[in-house]
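Inspection log for the structure reproduced underneath, given as structure tokens.
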Amino acid sequence: MIMYMVRHYIFTLTVLRRAKGAKTAHVVSSIKYEPTVSILIPARNEDRVIGRLLERMNELSYPKEKLQVIVVDDASSDLTGIIAEESSKRFKFIEVVHRRKENGGNGKTSAMNAGFKHSNGEIILCFDADYYPQRDIVEKLTEPFLNPKVGAVQGRVVVLNEPQNMVTRLVALERIGGYRVDQEARGSLGLIAQFGGTVGGFRRCLLENLGGWDETILAEDTDLTFRVYLAGFKVAYVGNAECYEEAVDSWKAYWTQRYRWAKGHMQCCFRHFGSVLKSNNLKLGEKIDGLLLLNVYFMPLIALLSFIVGFVLIFLKASMLAGILWFSVPVSFYSFVGNFAPFFEVGIGAHLDGRRRIQLLIPLLLFTFLYNIPICAKAFLDLLGSKIKGKSNTTWAKTQHLGSGNRYIGNQTVTLERTS
Amino acid sequence: MIPDLLWVLAMLGLGPAILFLMMLLPSFLELKRPRDAGPRMIMEDIAGVTQTVRFEISFISSIEEEESQVKLAPQLAGVLSVFPNIDV
Chain V
1 MIMYMVRHYI FTLTVLRRAK GAKTAHVVSS IKYEPTVSIL IPARNEDRVI
51 GRLLERMNEL SYPKEKLQVI VVDDASSDLT GIIAEESSKR FKFIEVVHRR
101 KENGGNGKTS AMNAGFKHSN GEIILCFDAD YYPQRDIVEK LTEPFLNPKV
151 GAVQGRVVVL NEPQNMVTRL VALERIGGYR VDQEARGSLG LIAQFGGTVG
201 GFRRCLLENL GGWDETILAE DTDLTFRVYL AGFKVAYVGN AECYEEAVDS
251 WKAYWTQRYR WAKGHMQCCF RHFGSVLKSN NLKLGEKIDG LLLLNVYFMP
301 LIALLSFIVG FVLIFLKASM LAGILWFSVP VSFYSFVGNF APFFEVGIGA
351 HLDGRRRIQL LIPLLLFTFL YNIPICAKAF LDLLGSKIKG KSNTTWAKTQ
401 HLGSGNRYIG NQTVTLERTS
Chain Z
421 MIPDLLWVLA MLGLGPAILF LMMLLPSFLE LKRPRDAGPR MIMEDIAGVT
471 QTVRFEISFI SSIEEEESQV KLAPQLAGVL SVFPNIDV
């Protein structure tokens, strides 16, 4: 817990210091690097959002002759395939891979692998169907590959449907903390910048060597992040490569998404913990950060455990245990207060984005933190149960996208105060 | 040694209630009447719009300037004609 708190403060202060320095220092790359790029878009029943993304693909400023956009229609039962086909007829650089029920519908990783087989670009980028990127995002995401040590890149995700309700506003806050501070600090400190599964990509040769996406794991992004680092490459975080996403808009959808993340992350922890410790390709700082990253979804469990222990001890009639009570109370308390460090991180992220009013919502993150406790507990118990029973853990629960973000695209009036 | 149950329950109830009220009131006010509901405009759009607007403004103003010069030229010539010719 203490390590996580310290880490959060280090990250936050690093980004703050960097932001001050950035006001005077501007680095502009003069080298023009335009490799061939394949963009993979896995889509299953995304007819409410896929059209706007494909239109946006046509608006990208990257040369179209070097661009290949592959929509993987993953056994959709709605109009996704038809919309993609229509776009493909209009724009030559868009191709559609249709997967029928017999060979498709097995989750995002499976669809990504199908798209990857079809691709031919030197760089492979990925976007979810509900995303809406900047016009110059491909240029920004490909530039770090000039460095031969960079095996993967990750851009920044911004919540599009933020005004919709309380859930989307809180998810937006989490995203601010996660990308504006966490990822940026990791990148600048040379730690484990995380590939987030979308708005990012890989060097083709590396992805081929790694064997593509692992279809047996739920957090395929975290898994690939660690495989990239263990192979001796880095993930570069590009903070100014921004892309809108449509966030989950109900507590139920939040549960489903975070449950998948928690379970997948725990799978990754069991898989990579030993390899990270033993790896010769990782520096000490990367190892420590990597281990903290792998264990992050166990923290709500520890908080829950200490809370239960403290609560039980209050009602135990044993004088010897009373001493332990006074020990467990601060531990329980710390489990919550210590976790305010991420809230500090979110606050600084919002400040750096020039969004002062949204900082008022930060105390509400306490609810999402508490909500994550049963989510992580269930994920852990289910994972444990399936390990004991020897069952597979990879039932993919897809996040529904209803196109609620459509109304905000192109609406200049919702622009907010921001800093560069 | 064991704290009184009522006292514990009162503290467990009252403490968090006061803390929550103090902590969450501004949040609920912002939720109720958002002054910053988002979404944040992504950087490229702002740069693009700004550049486009600037370009258009400078382009239009240069055209207007030229047009006004064309219109003003005969008028100025007329005004200047009343002055004596000082060319040597």
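These protein sequences, in sequence, are chains V and Z.
The numbering of the first sequence is my numbering, which starts it at 1 and goes up by one.
The numbering of the second sequence is my numbering, which starts it at 421 and goes up by one.
No residue lacks a Cβ here, since even glycine has one placed at the ideal position from N, Cα and C.
- With a cutoff of 8 Å on beta-carbon distance, residue 91 of chain V and residue 68 of chain V are scored as not near each other.
- For the 8 Å CB-CB criterion, residue 236 of chain V and residue 187 of chain V form a contact.
- Inter-residue distance for residue 256 of chain V and residue 32 of chain V is about 42 Å (C-alpha atoms, whole angstroms).
- As DSSP reads the structure, residue 38 of chain V sits in a beta bridge with V/68, V/124.
- With distances taken between CA atoms, residue 20 of chain V lies nearest to V/352 out of V/364, V/352, V/89, V/308.
- Going by DSSP, residue 450 of chain Z is part of the alpha helix (DSSP H) stretching over 425-452.
- With 16 or more other Cβ atoms inside 10 Å of its own Cβ, residue 175 of chain V counts as buried.
- With a threshold of 8 Å between beta carbons, residue 424 of chain Z makes no contact with chain V.
- Residue nearest to residue 44 of chain V within the set V/12, V/84, V/16, V/36 is V/84 (criterion: CA-CA distance).
- Listed along chain V, the residues sitting closer than 8 Å to residue 451 of chain Z by beta-carbon distance are 166, 169, 361, 364.
- At least one CB atom of chain V sits nearer than 8 Å to the CB of residue 462 of chain Z.
- What residue 408 of chain V touches in chain Z, judged by beta-carbon distance under 7 Å, is 459, going in chain order.
- Close to chain Z, meaning a Cβ-Cβ distance shorter than 8 Å, is no residue of the segment 256-276 of chain V at all.
- Here residue 100 of chain V has 75 as same chain residues with Cβ atoms under 8 Å from its own Cβ, once five neighbours each way along the sequence are excluded.
- For residue 443 of chain Z, at least one C-beta of chain V is nearer than 8 Å to its own C-beta.
- Taking C-beta separations shorter than 6 Å and ignoring five residues to either side along the sequence, the partners of residue 290 of chain V in its chain run 192, 276, following chain order.
- Contact between the segment 262-271 of chain V and the segment 149-157 of chain V is absent, with fewer than three C-beta pairs closer than 8 Å.
- Across the segment 222-245 of chain V, CB contacts with chain Z closer than 7 Å involve 240, 242, 244, in sequence order along the chain.
- Counting only Cβ-Cβ distances below 7 Å, residue 162 of chain V has contacts in chain Z at 457, 458, 459, in chain order.
- Per DSSP, the unbroken alpha helix (DSSP H) holding residue 272 of chain V starts and ends at 251-278.
- At least one CB atom of chain Z sits nearer than 8 Å to the CB of residue 358 of chain V.
- Restricting attention to V/130, V/138, V/110, V/107, the CA atom closest to the CA of residue 122 of chain V is found in V/138.
- Beyond the five residues adjoining it in sequence on each side, residue 248 of chain V comes within less than 7 Å, by CB distance, of 167, 171, 254, 257, 399 in the same chain, given in chain order.
- In the three-state reduction of the DSSP assignment, residue 43 of chain V falls in the strand class, which pools E and B.
- Around the Cβ of residue 147 of chain V, a 10 Å sphere holds fewer than 16 other Cβ atoms; the residue is exposed.
- When only Cα atoms are considered, residue 112 of chain V and residue 72 of chain V end up about 8 Å apart.
- A Cβ-Cβ distance of about 4 Å is found for the pair residue 46 of chain V and residue 129 of chain V, placing them in contact under the 8 Å criterion.
- As DSSP reads the structure, residue 233 of chain V sits in no beta bridge.
- According to the DSSP assignment, residue 204 of chain V belongs to the alpha helix (DSSP H) that extends over 204-210.
- Under a criterion of Cβ atoms nearer than 7 Å, the residues of chain V adjacent to residue 446 of chain Z are, in order, 360.
- By the CB criterion at 8 Å, residue 456 of chain Z and residue 358 of chain V fall inside the cutoff.
- Taking a contact as a CB-CB distance under 8 Å, the pair residue 131 of chain V and residue 53 of chain V counts as one, their CB atoms being some 6 Å apart.
- Partner residues in the beta bridge of residue 152 of chain V, as assigned by DSSP, are V/202, V/235.
- Put simply, the CB of residue 253 of chain V is far from chain Z, with every gap to its CB atoms at 8 Å or more.
- In chain Z, no part has a C-beta under 8 Å from the C-beta of residue 346 of chain V; the shortest such distance is about 13 Å.
- Counting only the Cα atoms, residue 65 of chain V lies some 48 Å from residue 378 of chain V.
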